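Everything on this sheet refers to the single structure shown next.
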Amino acid sequence: MTANKTALHGFHRALNAKMTDFHGWEMPLYYTSILEEHQAVRTGAGMFDISHMGQVRVSGPGALETLNELAVSDVSNVGAGRACYTMFLNEQGGILDDVIIYRLDRQDCLVIVNCARRAGDVEWMQTHRRGAVEVRDISAGRSIVAVQGPRSGSLLEEILGVRVSGLGRFDVVAVPALGTQAWAARTGYTGSDGFELFLPDLDAQRVWTQALERGRSQDVVPAGLGARDTLRLEAGLRLYGTDMDTTTTPYDADLGWTVAINKPSFIGKEALLRQSAQGLSRRLVGFELADGPVPRHGFALLVDGRQVGRVTSGTFSPVLNKSIGMGYVEPSLARPSTTLQLIVRGKTYPVAVVKLPFWKGTSGAPAAVAQGKG
């Protein structure tokens with residue numbers, strides 16, 4: 001089966017990027033090294049091609065009302081030029097996807113979905129749309145470029161001619177220099193300050209080229225999915241399909257702050273009300289190792305020899321200089337400073353539950369407010 005390729009694929013190849021398969025897309029894993037690209041985002045800026053993610057336009061009379069009935073958050077409170085991180089659920093309260101909804105105008109929204117969920121999300125939204133509301137997958141011919149790090153704003157202002165540094169977190173604006181179908185938003189998936197550009201393929205190629213040329217003197221580097229994963233983990237951001245899926249609810253994933261449970265209705269609300277009344281059986285936590293190996297997905301978490309949970313994500317944190325991870329444990333063990341044991345190849349290592357995020361960063365956003373995503 002032939003892999004999907006983004007409009008920037010040739011640029012990645014020209015830079016000798018190490019490529020990898022990601023849900024059917026051939027994407028850059030790293031260019032120089034994951035560590036170098038990670039540090040560049042924390043101190044300068046990194047550019048990510050995330051065009052594998054889906055771009056869905058929801059527009060027409062009733063568009064906002066439709067999204068408000070589909071999403072767990074109160075989308076009706078999101079003003080034009082603003083965005084919100086939220087989730088779509090099934091009737092059982094399981095997470096179908098975590099998305100960001102950008103409100104471009106009164107009844108015109110751009111929904112960014114995970115690539116593995118793109119077709120399913122579009123079909124689901126079309127099934128549940130109101131009357132004349134139009135749900136269109138506009139991903140073809142379009143790209144998403146994320147520029148993340150403390151120097152991202154000055155670089156983009158030089159290239160785009162738009163004062164993006166004046167944007168607040170989760171603000172979105174049109175970019176006239178790139179035509180009528182291009183937007184810049186102060187969002188990201190790294191924990192550092194940064195921006196995401198939603199634009200046609202040809203414009204993405206031009207922006208990528210100019211950013212590389214002008215960024216050489218500003219410690220701006222291309223960065224791959226490897227660094228994107230270590231960065232999001234330091235920031236305590238969940239990855240759909242790894243840290244949460246249709247078997248987990250927002251409450252399980254410790255994302256209850258996204259849920260507007262007092263809204264009149266949304267898909268999955270009744271299931272969440274039942275779960276609230278009955279109590280949780282597990283909760284996602286962050287943990288760290290003072291010394292020890294990197295925790296991997298599926299590794300067991302124990303207390304006194306009894307398995308109490310499992311690891312969902314783990315990495316070595318370049319900023320904290322220690323191994324960190326996330327996983328599900330029994331709710332009584334979710335308090336910070338709780339000691340658990342991690343089993344790796346038959347050897348036991350002590351781990352301490354910590355409050356997320358591991359690294360608070362400079363974005364000014366709540367711990368999980370970001371595009372999750374893959």
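Under this note's numbering, the residue at position 168 of the sequence shown is numbered 168, and the numbers go up by one with no gaps.
Yeah, the Cβ is synthetic: ideal placement off N, Cα and C, and Gly gets one too.
Keep in mind that this is a model prediction, so the values were computed, not measured.
How is residue i classed by DSSP in three states: helix, strand or coil?
i              : result
asparagine 360 : Checking the sequence, you will find lysine at residue 360 rather than asparagine. Residue state, collapsed to three classes: coil.
isoleucine 343 : strand
glycine 166    : helix
glutamate 26   : strand
glycine 153    : helix
glutamine 278  : helix
isoleucine 34  : helix
asparagine 114 : coil
serine 332     : helix
methionine 53  : coil
leucine 42     : Before going on, a small fix: residue 42 reads as arginine here, not leucine. If DSSP states are grouped into helix, strand and coil, arginine 42 belongs with the helices.
threonine 127  : helix
isoleucine 267 : coil
aspartate 97   : strand
leucine 15     : coil
proline 293    : coil
alanine 3      : coil
proline 350    : strand
aspartate 193  : coil
Quick one: using the 10 Å Cβ neighbour count with 16 as the cut-off for buried, is residue i buried or exposed?
i             : result
alanine 370   : The pLDDT assigned to alanine 370 is 44, lower than 50, so where the model puts this residue is not dependable; a value taken from the coordinates is nonetheless given after this. Per the 10 Å Cβ criterion, buried.
asparagine 68 : buried
leucine 163   : In the sequence as presented, leucine is not what sits at residue 163; that position holds arginine. Burial call: exposed.
serine 76     : exposed
glutamate 123 : exposed
alanine 177   : exposed
glycine 93    : buried
serine 143    : buried
glycine 309   : buried
proline 28    : buried
arginine 345  : exposed
arginine 42   : buried
serine 192    : buried
arginine 335  : exposed
alanine 119   : exposed
alanine 290   : exposed
glutamate 196 : buried
serine 165    : exposed
Roughly how many angstroms separate the alpha carbons of residue i and residue j, rounded to a whole number?
i                 : j                 : result
aspartate 137     : aspartate 121     : 10 angstroms
phenylalanine 48  : alanine 146       : 5 angstroms
alanine 3         : glycine 54        : 16 angstroms
glutamine 307     : glycine 292       : 19 angstroms
glycine 131       : isoleucine 267    : 18 angstroms
arginine 106      : glycine 79        : 8 angstroms
glutamine 218     : histidine 38      : 15 angstroms
leucine 104       : leucine 110       : 7 angstroms
isoleucine 95     : lysine 269        : 12 angstroms
glycine 389       : alanine 235       : What is shown of the chain runs 1 to 374, which leaves residue 389 out entirely.
phenylalanine 198 : phenylalanine 170 : 14 angstroms
threonine 375     : threonine 312     : There is no way to answer for residue 375, as the model of the chain reaches only from 1 to 374.
threonine 315     : phenylalanine 358 : 12 angstroms
leucine 160       : serine 317        : 33 angstroms
threonine 242     : tyrosine 189      : 15 angstroms
tryptophan 25     : cysteine 115      : 9 angstroms
phenylalanine 287 : glutamine 126     : 39 angstroms
leucine 342       : leucine 301       : 5 angstroms
arginine 206      : leucine 8         : 10 angstroms
aspartate 74      : alanine 63        : 14 angstroms
valine 354        : glycine 60        : 45 angstroms
glycine 364       : glycine 153       : Residue placement at glycine 364 cannot be trusted, given a pLDDT of 40 that sits under 50; what the coordinates show is reported in the next sentence. In a straight line, the C-alpha of glycine 364 is about 15 angstroms away from that of glycine 153.
alanine 185       : glycine 305       : 47 angstroms
asparagine 90     : arginine 82       : 26 angstroms
tyrosine 240      : aspartate 21      : 17 angstroms
lysine 322        : aspartate 98      : 28 angstroms
arginine 133      : aspartate 203     : Here the sequence assigns valine to residue 133, which means arginine is not the residue at that position. Roughly 29 angstroms between the two C-alpha positions.
phenylalanine 11  : valine 135        : 32 angstroms
alanine 71        : histidine 128     : 11 angstroms
valine 351        : lysine 360        : 20 angstroms
histidine 84      : lysine 347        : Strictly speaking, residue 84 in this sequence is cysteine, with histidine absent from that position. When rounded, the distance between both Cα atoms is 43 angstroms.
Could you check if residue i belongs to the surroundings of the ligand ATP, using beta carbon to heavy atom distance under 7 angstroms?
i           : result
alanine 227 : This structure does not include the ligand ATP; it has no bound ligands of any sort.
Mind the definition here: the region 15 to 28 touches the region 221 to 230 only if three or more C-beta pairs lie below 8 angstroms; say whether that holds. yes
Where are the alpha helix (DSSP H) runs, 4 residues long or more, that stay fully inside the region 199 to 261, in chain order? 201 to 215, 225 to 234
Is there contact between the region 251 to 269 and the region 37 to 52, where contact requires at least three CB pairs shorter than 8 angstroms? no
Quick check: the region 327 to 344 against the region 275 to 294, are there 3 or more CB pairs under 8 angstroms? yes
Any beta strand (DSSP E) of 3 or more consecutive residues that is wholly inside the region 53 to 89: 54 to 59, 82 to 89
Taking contact to mean 3 or more Cβ pairs, one atom from each stretch, closer than 8 angstroms, check whether the region 224 to 238 and the region 292 to 301 are in contact. no
Given 8 angstroms, three or more beta-carbon pairs between the region 271 to 280 and the region 239 to 252: yes
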